[in-house]
Amino acid sequence: MARSWLEYRSPAWVQWCPGCGNYGILTAAFKAFAELDLDPAKTVVVSGIGCSSRIPYYINVTGVHTIHGRPIPVATGIKLANPHLTVLVMSGDGDLLGIGAAHFVALGRRNADITVVMHDNAVYGLTKGQAGPTLPAWVQTKALRAPNIQDALNPLLLAIASGYTFVARAYAYHVDKLKDIIKEAIKHRGAAFIDVLQPCPTYNNVMTQQWYEQRIYYIDEQEPDYDATIKSPEERSEKVARAIAKAMEWGDRIPLGIIYRDLTKEPFDARIEKIMPGYLEHPPATRPVHYEGKPLVDPFKVFTDRVVQA
Amino acid sequence: MPENMERERRCATCRWWRPHFHYPIVGYCTLWGKITSEDDSCDRWEPLKVKEGRFYWCNSCRRRVSWEEALEYLKRGEALYESAYVDPDVREEIVGASE
Amino acid sequence: MVDLALLIGGPQGGGIESAGQIGVRALVMKGYDIFGVREYHSNIIGAHSYFNIRIRDTVARSPRLPVDAVVALDAESVFTHMDDVREGGIFVYDTSTLKTRVDRIAPMPGPLKERVKAKLSQHGLGDTVADAVKYLESRGAKLLGIDLKAAIKEVAEKSGRSVVSVARAANVVGLSAALAFLGVEKEYVHRAIEAYFAGKTRVIEPNKIAADIAYDYVEESYGLGNLPDGPHKGKVRMVASGNDVVAMGKVVGGLTVQTYYPITPAADEALYMEGHRLVEVREELAEKVGLEKLGVAVIQTEDEISAINMAIGAALAGARSATTTSGPGFALMNEAISMAYIMEAPVVITIWQRAGPSTGMATRTGQQDLLHAMFAGHGDAVKIVVASGDHEEAFYDAIKALNWAEKFQIPVVHLVDKTLAASTKSLDRFDLDSITIDRGKLSYEWSGGEYLRYKLTEDGISPRVPVGFAKQLNSSLEHTEYGYAIEDPEVRNAMVEKRLKKLDAIERGIPEDERVKVYGSSDADITIISWGTVKGPVLDAMEKLEDEGIKVRYVHIKTFIPFPVRTIDEAFKSASRVAVVDYNMLAQTSLAIRMFTGHKAPHVIQKFTGRALQEQEIVRAVKEILENNVERVVVSDGA
Chain A
-15 MARSWLEYRS PAWVQWCPGC GNYGILTAAF KAFAELDLDP AKTVVVSGIG CSSRIPYYIN
45 VTGVHTIHGR PIPVATGIKL ANPHLTVLVM SGDGDLLGIG AAHFVALGRR NADITVVMHD
105 NAVYGLTKGQ AGPTLPAWVQ TKALRAPNIQ DALNPLLLAI ASGYTFVARA YAYHVDKLKD
165 IIKEAIKHRG AAFIDVLQPC PTYNNVMTQQ WYEQRIYYID EQEPDYDATI KSPEERSEKV
225 ARAIAKAMEW GDRIPLGIIY RDLTKEPFDA RIEKIMPGYL EHPPATRPVH YEGKPLVDPF
285 KVFTDRVVQA
Chain B
28 MPENMERERR CATCRWWRPH FHYPIVGYCT LWGKITSEDD SCDRWEPLKV KEGRFYWCNS
88 CRRRVSWEEA LEYLKRGEAL YESAYVDPDV REEIVGASE
Chain C
1215 MVDLALLIGG PQGGGIESAG QIGVRALVMK GYDIFGVREY HSNIIGAHSY FNIRIRDTVA
1275 RSPRLPVDAV VALDAESVFT HMDDVREGGI FVYDTSTLKT RVDRIAPMPG PLKERVKAKL
1335 SQHGLGDTVA DAVKYLESRG AKLLGIDLKA AIKEVAEKSG RSVVSVARAA NVVGLSAALA
1395 FLGVEKEYVH RAIEAYFAGK TRVIEPNKIA ADIAYDYVEE SYGLGNLPDG PHKGKVRMVA
1455 SGNDVVAMGK VVGGLTVQTY YPITPAADEA LYMEGHRLVE VREELAEKVG LEKLGVAVIQ
1515 TEDEISAINM AIGAALAGAR SATTTSGPGF ALMNEAISMA YIMEAPVVIT IWQRAGPSTG
1575 MATRTGQQDL LHAMFAGHGD AVKIVVASGD HEEAFYDAIK ALNWAEKFQI PVVHLVDKTL
1635 AASTKSLDRF DLDSITIDRG KLSYEWSGGE YLRYKLTEDG ISPRVPVGFA KQLNSSLEHT
1695 EYGYAIEDPE VRNAMVEKRL KKLDAIERGI PEDERVKVYG SSDADITIIS WGTVKGPVLD
1755 AMEKLEDEGI KVRYVHIKTF IPFPVRTIDE AFKSASRVAV VDYNMLAQTS LAIRMFTGHK
1815 APHVIQKFTG RALQEQEIVR AVKEILENNV ERVVVSDGA
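Protein chains in written order, with this note's numbering: chain A, -15 to 294; chain B, 28 to 126; chain C, 1215 to 1853.
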């Protein structure tokens, strides 16, 4: 281990409430980055808007704090321009699955090599606790004026259906377990999604620490034979079905751990390399665009389909 | 399509013929596999038979019609066909879809 | 002087596109300058569309009506364009449509049918194509009826193909008839067919046969026309659309990432670029940069919100980055524009304006997004807004926009429109030596200790090291020099002042002659102020009016932010009369002028039909203003 995890802690004051699950996620990220010895310049944490989206200020790597719902496209643009960077999206359930759901789906379809860590507390904290997209129907937290009349969506199912090739669930207060999953997700070549269950002590008085801890269990501890890693395309239908069944578990028992992994799909950068050879070696971020200010391309030599000899 | 088209034995009234979508004065004969004009004819002529559940091309109204509508339209003397013939390279002729 | 116009009309997808492109190439090969504008419905196949081609021995830059030749091979085209041919011009039609009645043409809009019937009945005529032909004869047009049935069958038989592109054959017959009449030799049409369908031998032969049939028809009827070779003969030129040249400009300008979500009329720009995503490096520079081919990543996104955000992300990482869209897509980009501004991310947004409000008329033109572009972005967000008037400007402006974005680390909107997008122009070689690629304060190395992305500097522009090359924070929140979120009043003030200084840098860095171009002199009878594709019709109208003794000065605005305050102010003060051409309902250009200079335009010329502005409309409007002192002239030529 080349760096202490404390080196990843930024000097900024952390503004989260006491007891907030974000602290667990933050600490797990420090430790995961340290154990992977990530270069702070080449590691990029991109967030949207919400309590959890303040996280780029707190981690001493490169950070991009974007706008509500859009961290995935911004992160995709960064990764597209420079596929050699380690790119993470760390944002809330409202950001990723409410306002930003279209992008969440699109990232799966592209299988871009980005790790999405979703801080899932089922509420909109910064705007005073409105129902998030993962809050079940008819739950009425103290902050709500009326019971929630919109159903919760299942983030794991959506991730699997969208094409993410690494899908996991973790719990914010189990820092070491979460750290291991974050490490696996970063190492995975492709779109990785971690749904991190996270109590919001201020607004979500229903899905509390106690509520979660009575229900969660680790798949690798209780079902050591569970295997939903696709190593060849023939295994897909069977293992997807298994993963979906596991992802459907919710209520008295909530499974944690790696739910699904597909090692057979090529990531976005490899796909671009196929249609644009040379992309990985000279990606858009760094390939030459001029020589001493002069353009590198002569349109009459390149756009020959438009040239006419009069 | 000329209005006074008579139900005579020519391509324009034959079940094997597909009028050209853009220029229905000519069309494609599915039997002989070639472009013919609306008033060409041959001895393999057959009238259109409307079958239940199918869709047809109404050349005079320039749209696809259901078999129920087709029966009505036939009585009214509209020019009906099993389908229209669209050039294989039509995509290259559409602005916004070229290149 | 040669100044001709040719109109080919027909159903969308019915061969107009290739006939138009072949016609344009034949005329360019013959040595003429051309400008061809495409008008079409929001429809895949079947609705009426047409190509209006202007042919000149000087410079062709606008459509005009009436034209010298109309090719109308279906009944709808005959009725739609029966007033569009000049006296003595030729009108090509299909004799087998003669009995078709207006009311039997399903795709034709009802109100147009009523207008056609009323017009024909005023002349004591019925409502068939034969009646329209009589009407055309009474107007002094030369009619050339072609038996299209026979012609198509002849093409099919002679080319020995069981299946041919019927629509193409039909249109090449019609086009060739018009070109034969105008005096373009058959060899040019043959060469143009070969060039346009390069490599597709099975397509070339039937089309050449179609051309031959038409030339025979014309030779036997009116006789072949006689047209001298044009002045451009022997040159290597380009024939390209506005969509094409913006793509070319971006690629030449060093673009490395383009994102987009499909929208008319922007998609063709991205599609053309994607077709050229690997481009060869100029031979003399390949060794110097150590590369023979360069890639441009063109990415189709899930929506326009993603398109702009992805382009911003790419820009943060050091890509030269742009996105392309139209008004509705730009509306979705608003929030991210503001983020790009506070994050100081260099990104170019090309807006191909089309006719709104809302979905409006998606395939029609207008300049309705001027104020939208200028004011997009909440919370005091600023951007540069540059507008292009023609194909050449669009090419160079695309490069300038990329330069300005990186030099000033700010979003740049490049405003273009559907007229430009869908018009084809003959172009000479671009002046590569005049192009400089400027990446501003960009560096891929950092050794100065902690890197401050938002360092306070003299000119408000901070050293830029991309994400991945120095640890940094980029923030959409108000931030410190490093990038930490902060709401401290003094830091806030310092950052606002920093961004204000940057606006000063833009004021200083974009000189007046890049903001505006003036054509004609201040002693003119009238000064016209406008921008974008109004340029072509106004410059052409200037020549026509000059012939009639009316002197016009044209002030062509190139950038709205920064605004050419000095020139516009001077124009108002020195002009005897000022008219603003506003291609929109609100007179948005006039409002912008008033906002920046305080001058109120006394006369406004407007068009909202979504059809390209034409030379004769400006001629008429200017006379109306000079003779009758009319405040507002609305023009609406073109089917």
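For each residue, glycine too, the CB sits at the ideal point set by N, CA and C.
Can you tell me which of the three DSSP states residue i falls into?
i: A/A175; result: coil
i: A/E218; result: helix
i: C/V1238; result: helix
i: A/G78; result: helix
i: C/K1639; result: strand
i: A/Q296; result: With chain A covering -15 to 294 only, the question about residue 296 of chain A has no answer from this structure.
i: A/P239; result: strand
i: A/Q198; result: coil
i: A/A115; result: strand
i: C/W1566; result: strand
i: A/N189; result: coil
Can you give me the C-alpha to C-alpha distance between residue i and residue j, rounded to a whole angstrom?
i: C/S1637; j: C/S1455; result: 5 Å
i: C/A1608; j: A/V30; result: 35 Å
i: C/G1654; j: C/G1439; result: 56 Å
i: C/I1712; j: C/I1675; result: A quick correction: the sequence has Lys, not Ile, at residue 1712 of chain C. Using only the alpha carbons, I get a separation of about 8 Å.
i: C/H1404; j: C/Y1410; result: 10 Å
i: C/V1387; j: C/M1243; result: 19 Å
i: B/R37; j: C/D1426; result: 29 Å
i: C/V1849; j: C/G1824; result: 11 Å
i: C/R1451; j: A/Q293; result: 6 Å
i: B/D116; j: C/S1379; result: 7 Å
i: B/E33; j: B/A106; result: With a pLDDT of 48 at B/E33, under the threshold of 50, the modelled position of that residue is not reliable, and the figure given next carries that caveat. Between B/E33 and B/A106, the C-alpha separation is close to 10 Å.
i: C/V1769; j: C/K1731; result: 6 Å
Using a Cβ-Cβ distance under 8 Å, would residue i count as near chain A?
i: C/K1614; result: no
i: C/G1527; result: yes
i: C/K1856; result: Beyond the ends of chain C as shown, which are 1215 and 1853, falls residue 1856 of chain C; an answer cannot be given.
Taking residue i as part of the beta strand (DSSP E), name the residues at either end of that continuous run.
i: A/M102; result: 98 to 104
i: C/Q1472; result: 1471 to 1474
Using 8 Å as the limit for Cβ to Cβ distance, is residue i near chain B?
i: C/P1323; result: no
i: C/Q1226; result: yes
i: C/A1428; result: no
i: C/A1636; result: yes
i: C/Y1254; result: yes
Could you pull the start and end residues of the alpha helix (DSSP H) that residue i belongs to?
i: C/L1312; result: It is not in any alpha helix (DSSP H) - C/L1312 carries neither H nor E in the DSSP assignment.
i: C/A1536; result: Taken as a continuous stretch (DSSP letters only), C/A1536 belongs to no alpha helix (DSSP H), being part of the beta strand (DSSP E) at 1535 to 1539.
i: B/V77; result: Note, B/V77: premise wrong, no alpha helix (DSSP H); not H, not E.
Is residue i close to chain C? Criterion is C-beta to C-beta, closer than 8 Å.
i: A/G258; result: In the sequence under discussion, the amino acid at residue 258 of chain A is Lys, which differs from the Gly named in the question. So no, A/K258 is outside the interface.
i: A/N66; result: yes
i: B/V122; result: yes
i: B/V77; result: no
i: B/V117; result: yes
i: B/S87; result: yes
i: B/V92; result: no
i: B/K102; result: no
i: A/H266; result: yes
Beta-carbon of residue i versus every beta-carbon of chain E: anything under 8 Å?
i: B/S64; result: Considering every chain present, this structure includes no chain E. Its protein chains are A, B and C.
Give a single yes or no on whether residue i has its beta carbon closer than 7 Å to a heavy atom of the ligand NAP.
i: B/S68; result: The ligand content of the structure shown is nil, which means the ligand NAP is not present either.
The segment 273 to 281 of chain A in contact with the segment 1492 to 1503 of chain C per 3-pair CB rule at 8 Å: Touching, yes, given that three or more Cβ pairs across the two stretches are closer than 8 Å.
Touch test, the segment 84 to 94 of chain A against the segment 132 to 152 of chain A, Cβ-Cβ under 8 Å, three pairs minimum: Yes, since at least three Cβ pairs between the segment 84 to 94 of chain A and the segment 132 to 152 of chain A fall closer than 8 Å, the two stretches touch.
Inter-stretch contact at 8 Å, needing at least 3 Cβ pairs: the segment 254 to 266 of chain A / the segment 1509 to 1526 of chain C: Between the segment 254 to 266 of chain A and the segment 1509 to 1526 of chain C there are three or more inter-stretch CB-CB distances shorter than 8 Å, so the stretches are counted as touching.
The segment 6 to 17 of chain A contacting the segment 1658 to 1673 of chain C, beta-carbon criterion three pairs below 8 Å: Not touching, per the Cβ criterion.
Contact the segment 1574 to 1584 of chain C vs the segment 1692 to 1702 of chain C: 3+ CB pairs below 8 Å: These segments do not touch.
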